[in-house]
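A quick write-up on the structure given underneath.
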Amino acid sequence: MLVIILSLVSTSWAQSFLQSPKLNRSALDLNEWWGPPGMIQDESIRPARIFFDDEMIKDLQYRLRNHITFQPPLEGAGFTYGFNSDALPDWLSYWAEEYPFKQREEFLNQFPQYKTNIQGLDIHFIWVRQPPTHKEVVPLLLLHGWPGSIREFYEMIPMVTADDDSRDFVVELIVPCLPGFGFSDAATRPGLGGGQMAVLFRNLMHRLGYTKYYLQGGDWGAIITGFMAVLFPREVLGYHTNWGVVPSLEALGLTLVGAVFPHLVIPPELASRLYPLTDTLASLIEKTGYFHEHATKPDTVGIAMTDSPAGLLAYILEKFSGAVDAANKVLPDGGLHNTFTREQLVDNLMMYWGTRSFTTAIRIYAETANRKHYAVGLEGASTKVPTWVVQAKTEFTYQPPEILSLKYRNLLNTTVLDFGGHFLALEHPQVLTCSVFEALEAFRRWHRNNVE
Ligand SMILES: *[C@@H]1O[C@H](CO)[C@@H](O)[C@H](O)[C@H]1NC(C)=O
Ligand SMILES: *[C@@H]1O[C@H](CO)[C@@H](O)[C@H](O)[C@H]1NC(C)=O
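Adding 215 to a residue's 1-based position in the sequence shown gives its number in my numbering.
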């Protein structure tokens with residue numbers, strides 16, 4: 216029964232649960248080439264900027280102003296059938312008439328940004344370095360997911376890079392656009408999945424001179440940084456995530472045990488985040504319809520989203536509404552204004568629209584949720600990298616420490632929040648920053664006490 220339901224969510228993920236292959240490092244080529252053949256690689260690190268082209272803005276405004284009349288929603292539907300078309304015109308006219316493109320471009324360029332070519336792809340990244348200091352400088356890679364972007368981290372970046380008297384270290388941040396997302400190049404051939412991106416970002420860190428570093432990620436960023444912790448345990452000094460996921464056969468087994476004997480698996484006060492399993496699965500199925508489409512035919516939906524800003528806005532903002540809190544779906548406006556500003560959400564849309572990157576971004580699902588990728592064995596493999604998971608109340612999935620530590624053998628702690636959802640960096644930047652610092656302090660203590 217369970218497997219049948221899971222296979223509705225994603226056939227290939229269900230298959231991987233049943234196989235749980237051993238980690239095969241040689242299946243990942245550390246120098247695999249993703250760019251055009253025969254390209255001469257420029258290994259320099261060049262300053263880069265986010266740029267909203269005037270032609271692009273004019274065309275976008277034209278499309279927003281000339282949208283067709285949408286079908287009215289069902290009575291009282293809120294967001295239960297998807298983005299409510301009554302809520303759409305306000306957003307479209309805001310984007311076309313009020314969103315201050317040039318001012319937001321300046322805002323988005325407030326942190327130093329660079330490009331460098333890794334394995335054939337120009338990777339765009341924010342890089343906040345520290346002035347000369349007597350304190351230890353600690354590098355931290357922050358990775359976003361879909362349908363997010365580097366924009367998710369803008370409120371956090373100044374807090375994380377601030378020099379605080381109470382700490383004996385300062386943080387340098389590296390915040391890249393995933394390949395195919397935003398201002399980073401997309402692969403020109405199949406196969407650049409989460410595991411391959413883990414290799415690519417390790418190579419980015421090496422290019423910047425970091426051979427030991429810390430990781431933080433949410434959504435795909437959580438998955439990719441998790442893969443980095445599995446693949447490069449001697450380089451990764453600590454792994455912090457706001458989405459701890461262990462998608463292995465063992466984890467499934469323990470989850471089933473907990474369905475019968477919850478006290479063996481989960482703290483009683485958190486049991487309702489995972490059980491009853493039928494509720495969890497029903498909610499996952501409701502929230503992940505897009506997953507199967509992206510994992511199988513990304514380019515088809517990509518055509519619509521690249522042609523229609525109204526479609527793109529509805530598709531992406533509906534995800535923001537639901538991922539913050541499923542209860543938002545009963546609200547006429549999806550509750551978006553309760554959590555985010557219009558600027559924040561449209562900045563993020565610009566990362567997809569302005570770069571025509573929707574299609575190339577969602578290919579990550581197809582490139583990761585397939586048999587060849589699962590055969591690498593990253594999902595089932597464990598790691599000894601010290602790990603810390605912050606768990607928002609309405610995050611997609613909840614797994615208790617007993618299950619998380621099947622994969623993350625040195626799970627130092629979890630921070631359990633009774634608020635917050637999937638986009639924690641944008642929803643509660645201060646809370647996420649605090650958790651990152653708690654974790655960094657704990658990782659550093661752990662290394663002092665566990666000298667090899
Ligand atoms: C590991 O991957 C390599 C390259 O894809 C493949 O040739 C090899 O057979 C795999 N090893 C195992 C044990 O599956
Ligand atoms: C884990 O985190 C909680 C909440 O932040 C804290 O109260 C507890 O002392 C921590 N435990 C350890 C072992 O660090």
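Don't be surprised by glycine CBs; every beta carbon is placed ideally from N, CA and C.
In this structure, does DSSP put residue i in helix, strand or coil?
i: residue 651; result: helix
i: residue 330; result: strand
i: residue 386; result: strand
i: residue 258; result: coil
i: residue 489; result: coil
i: residue 244; result: coil
i: residue 432; result: strand
i: residue 263; result: strand
i: residue 606; result: strand
i: residue 461; result: coil
i: residue 303; result: helix
i: residue 353; result: strand
i: residue 337; result: strand
i: residue 296; result: coil
i: residue 314; result: coil
i: residue 451; result: strand
i: residue 543; result: helix
i: residue 342; result: strand
i: residue 480; result: coil
i: residue 623; result: strand
i: residue 358; result: strand
Considering only the alpha carbon of each residue, which of the options lies closest to residue i?
i: residue 414; options: 333, 347 and 477; result: 333
i: residue 460; options: 438, 469, 451 and 454; result: 438
i: residue 394; options: 423, 319, 364 and 373; result: 364
i: residue 523; options: 265, 238, 347 and 567; result: 567
i: residue 498; options: 295, 236 and 628; result: 295
i: residue 417; options: 639, 449, 549 and 434; result: 449
i: residue 326; options: 297, 404, 352 and 371; result: 371
i: residue 292; options: 403, 301 and 619; result: 301
i: residue 583; options: 412, 628 and 570; result: 412
i: residue 403; options: 336, 258 and 560; result: 336
i: residue 629; options: 640, 465, 613 and 535; result: 613
i: residue 250; options: 357, 399, 471 and 323; result: 399
i: residue 262; options: 600, 619 and 343; result: 343
i: residue 640; options: 303, 373, 328 and 585; result: 373
i: residue 441; options: 462, 423 and 388; result: 462
i: residue 386; options: 351, 600 and 270; result: 351
i: residue 379; options: 458, 648 and 504; result: 648
i: residue 598; options: 452, 273 and 397; result: 452
i: residue 304; options: 384, 269, 559 and 525; result: 525
i: residue 646; options: 434, 457, 256 and 392; result: 457
i: residue 468; options: 483, 492, 273 and 533; result: 492
i: residue 276; options: 635, 316, 624 and 347; result: 316
Going by the beta-carbon positions, is the gap between residue i and residue j smaller than 9 Å?
i: residue 432; j: residue 360; result: yes
i: residue 663; j: residue 313; result: no
i: residue 617; j: residue 527; result: no
i: residue 390; j: residue 447; result: no
i: residue 590; j: residue 455; result: no
i: residue 299; j: residue 549; result: yes
i: residue 265; j: residue 331; result: no
i: residue 475; j: residue 238; result: no
i: residue 471; j: residue 615; result: no
i: residue 357; j: residue 436; result: yes
i: residue 279; j: residue 565; result: no
i: residue 253; j: residue 529; result: no
i: residue 285; j: residue 569; result: no
Tell me whether residue i, by its Cβ, gets closer than 8 Å to a heavy atom of ligand 3.
i: residue 368; result: Ligand 3 is not part of the structure shown, which contains ligand 1 and ligand 2 as its ligands.
Sufficient close CB pairs (3 or more, under 8 Å) joining the region 299-311 to the region 236-248: no
Segment contact, 8 Å Cβ cut-off, at least three pairs: the region 363-383 with the region 541-555: Short answer: they don't touch.
Any heavy atom of ligand 1 nearer than 6 Å to the CB - residues listed: 239, 241 and 242
The region 507-522 contacting the region 570-590, beta-carbon criterion three pairs below 8 Å: yes
Contact between the region 600-609 and the region 417-426 (3+ Cβ pairs under 8 Å): no
Three CB pairs or more closer than 8 Å across the region 512-519 and the region 546-560: Because the criterion of three Cβ pairs below 8 Å is not met, the region 512-519 and the region 546-560 do not touch.
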